[in-house]
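Residue numbers (the working numbering): -15 to 107.
For every residue, glycine included, the Cβ atom is placed at its ideal position computed from N, Cα and C.
A short write-up of the structure that comes next.
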């Protein structure tokens, strides 16, 4: 093999590049997920924490469709069986009044740009 030096160097460079994120997080530490502030006396959200973190956008999309297209206004929690008004302004904002300290903190961490605020005013 006439190119053994080049192949060996290429493999070493490849391994360094592939393992760089691991070394980077090991040295600097992986960023920790934000812990948003919840300003409420309520004991729980409309659904359990895991469901809300993972599926709140699906829930809000369903709310939009049911309210706008079908005139439905009441959401029954699958977790708790309680009824809530399908409204960001009247339900969500009761416990999460500050968009910057709650919504934006997690969305910025996740690198997500929600389109909710194109139509809704959270101020």
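Where residue i falls: helix, strand or coil (DSSP)
| i | result |
| --- | --- |
| residue 67 | strand |
| residue 52 | helix |
| residue 96 | coil |
| residue 110 | Outside the shown range of the chain (-15 to 107) lies residue 110, about which nothing can therefore be said. |
| residue -12 | helix |
| residue 82 | coil |
| residue 74 | helix |
| residue 25 | coil |
| residue 106 | coil |
| residue -7 | helix |
| residue 38 | helix |
| residue 13 | coil |
| residue 46 | helix |
| residue 20 | coil |
| residue 30 | coil |
Cα-Cα separation, residue i to residue j
| i | j | result |
| --- | --- | --- |
| residue 73 | residue 106 | 7 angstroms |
| residue -13 | residue -4 | 14 angstroms |
| residue 90 | residue -11 | 47 angstroms |
| residue 31 | residue 86 | 17 angstroms |
| residue 28 | residue 100 | 23 angstroms |
| residue 56 | residue 9 | 47 angstroms |
| residue 142 | residue 34 | Since the displayed the chain opens at -15 and closes at 107, residue 142 lies outside it and no answer follows. |
| residue 67 | residue 12 | 45 angstroms |
| residue 88 | residue 94 | 10 angstroms |
| residue 109 | residue -6 | In the structure displayed, the chain extends from -15 to 107; residue 109 sits before or after that span and is not available. |
Cβ-based burial, residue i [other Cβ within 10 Å; buried from 16]
| i | result |
| --- | --- |
| residue 41 | exposed |
| residue 59 | buried |
| residue 80 | buried |
Of the listed residues the options, nearest to residue i (C-alpha basis)
| i | options | result |
| --- | --- | --- |
| residue 26 | 77, 96, 83, 87 | 77 |
| residue 83 | 45, 55, 104 | 104 |
| residue 69 | 19, 3, 44, -2 | 44 |
| residue 71 | 54, 48, 65 | 48 |
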